[in-house]
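Positions 192 to 492 (the numbering used here) are the ones given, in order, by the sequence shown. Just so you know, even glycine gets a beta-carbon here, dropped at the ideal spot from N, CA and C.
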Amino acid sequence: MQALSSRPPQDYVGRFAPSPTGPLHQGSLVAALASYLDARAHGGRWLVRIEDLDAPRVVDGADRVILGQLQALGLAWDGEVLRQSSRHHAYREAFDRLRRQGAVYACGCTRKEIADSILHARGYLPAGELPYPGTCRDGLHGRPARAWRLRVPQGRVRVVDRWMGPVEQDVAAEVGDFVLFRADGMWAYQLAVVVDDAAQGVTDVVRGEDLLGSTPRQKILQDMLELPAPRWMHVPVVVNAEGQKLSKQTGAAAIDVRQPLAALEAAWRHLQFEPLQAGEVSAFLAEAVRRWARRWRIGTG
Ligand code: GLU
192 MQALSSRPPQ DYVGRFAPSP TGPLHQGSLV AALASYLDAR AHGGRWLVRI EDLDAPRVVD
252 GADRVILGQL QALGLAWDGE VLRQSSRHHA YREAFDRLRR QGAVYACGCT RKEIADSILH
312 ARGYLPAGEL PYPGTCRDGL HGRPARAWRL RVPQGRVRVV DRWMGPVEQD VAAEVGDFVL
372 FRADGMWAYQ LAVVVDDAAQ GVTDVVRGED LLGSTPRQKI LQDMLELPAP RWMHVPVVVN
432 AEGQKLSKQT GAAAIDVRQP LAALEAAWRH LQFEPLQAGE VSAFLAEAVR RWARRWRIGT
492 G
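What follows is the structure, given as structure tokens:
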């Protein structure tokens, strides 16, 4: 972290990493715009990575729709678009490395068994994500392997977020040994994102606050794989009238690219800036980059 924070800004590499589960909506545009502006404000590169590992959730053609929307909004990326579906060998390599460290084990538990064992141990089920109780840490007890988990080291993990400030989590206690290779035969997001960010030389991850809770897990993996940790910035997510995060599941509407300025302005205001009222997309983005740099450029202010 220390070495990275003092790097000159021209080393900056940012990325936007949408899952192709549907078109961009106002919520995903906020993450796209924030990461774009931060990269450009640092004179950096801005990459797009399609996170299409979760096959059951991938919608055919959604990747093309997203890329078309980014183009229509003037958010031009650098280099080739990377697709996670072409990266299995890299995830396998990282997984094998962890396995050689003795940091990975097979797990035979179903979701229901995990819930039952927590209920049995505590007498109640905690809200939200269930921490894995470590049932298979010392072996499968004759059951078939379903998933593979990381043996999470004890102790609190601390990360410093540029928007949220310092964040700490006891991953071992609150999350437990998390999954690296899923029961349905897919690489888990946490492993893939860490491997790809490092392979692409990403120095700065700017994304929605809903992923803040994943960041300590990613930091653990970076440390265990001896990969550099990026700087992180988690920006506020957009919620609907019921207070739910906008997503395809909660029925968020696709960005209307016939009105690119309106969509950009709304995302910009959500990022807590005064309206820009630009006449066209290129003028909007040029001014937004200037204002973003004044507020967020590392090493200024
Ligand atoms: N693919 C993830 C999503 O669309 C984002 C992952 C990330 O930015 O780290 O929610």
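{"Item": "Alanine 383 versus serine 219: straight-line alpha-carbon distance, rounded", "Value": "20 Å"}
{"Item": "C-beta atoms of tryptophan 268 and valine 249 nearer than 8 Å", "Value": "no"}
{"Item": "From Arg373, Phe369, Val472, residue whose alpha carbon lies closest to that of leucine 455", "Value": "Val472"}
{"Item": "Same chain only: Cβ atoms within 6 Å of lysine 439, ignoring 5 sequence neighbours per side", "Value": "Thr212, Gly213"}
{"Item": "Secondary structure of proline 317, DSSP reduced to three states", "Value": "coil"}
{"Item": "Distance cut-off 7 Å: serine 473 Cβ against heavy atoms of the ligand GLU", "Value": "no"}
{"Item": "With 16 other Cβ atoms within 10 Å as the buried cut-off, status of serine 277", "Value": "exposed"}
{"Item": "Cβ-heavy atom distance, proline 247 to the ligand FAD, below 7 Å", "Value": "Ligands displayed in this structure: the ligand GLU; the ligand FAD is not among them."}
{"Item": "Near the ligand GLU: alanine 306 beta-carbon under 7 Å from a heavy atom", "Value": "no"}
{"Item": "Member of Thr441, Pro324, His332, Tyr323 whose CA lies at the smallest distance from the CA of glutamine 217", "Value": "Thr441"}
{"Item": "Cβ contact check for the region 423 to 433 and the region 383 to 398: 3 or more pairs under 8 Å", "Value": "yes"}
{"Item": "Alpha carbon of alanine 232 to alpha carbon of alanine 484, nearest angstrom", "Value": "5 Å"}
{"Item": "Inter-residue Cα distance where the pair is methionine 415 and leucine 452", "Value": "44 Å"}
{"Item": "Which of helix, strand or coil DSSP assigns to histidine 461", "Value": "helix"}
{"Item": "Per-residue DSSP class, three states only, for isoleucine 309", "Value": "helix"}
{"Item": "Cβ neighbour criterion (16 or more within 10 Å) applied to arginine 302", "Value": "exposed"}
{"Item": "Valine 272, buried or exposed, once every other Cβ within 10 Å from all chains shown has been counted against 16", "Value": "exposed"}
{"Item": "Inter-residue Cα distance where the pair is alanine 306 and leucine 316", "Value": "7 Å"}
{"Item": "Residues near arginine 499 in its chain [Cβ-Cβ closer than 8 Å; skip 5 each side]", "Value": "Residue numbering for the chain in the displayed model covers 192 to 492; residue 499 lies beyond these limits and cannot be assessed."}
{"Item": "Other residues of its chain near proline 421: CB distance less than 8 Å, five sequence neighbours each side excluded", "Value": "Leu195, Asp388, Val393, Thr394, Asp395, Val396"}
{"Item": "Three CB pairs or more closer than 8 Å across the region 288 to 302 and the region 328 to 347", "Value": "yes"}
{"Item": "Valine 385 beta carbon less than 8 Å from that of leucine 412", "Value": "yes"}
{"Item": "Chain-ordered list of residues that sit, by beta carbon, closer than 6 Å to a heavy atom of the ligand GLU", "Value": "Ala208, Pro209, Ser210, Glu242, Val384, Arg398, Leu402"}
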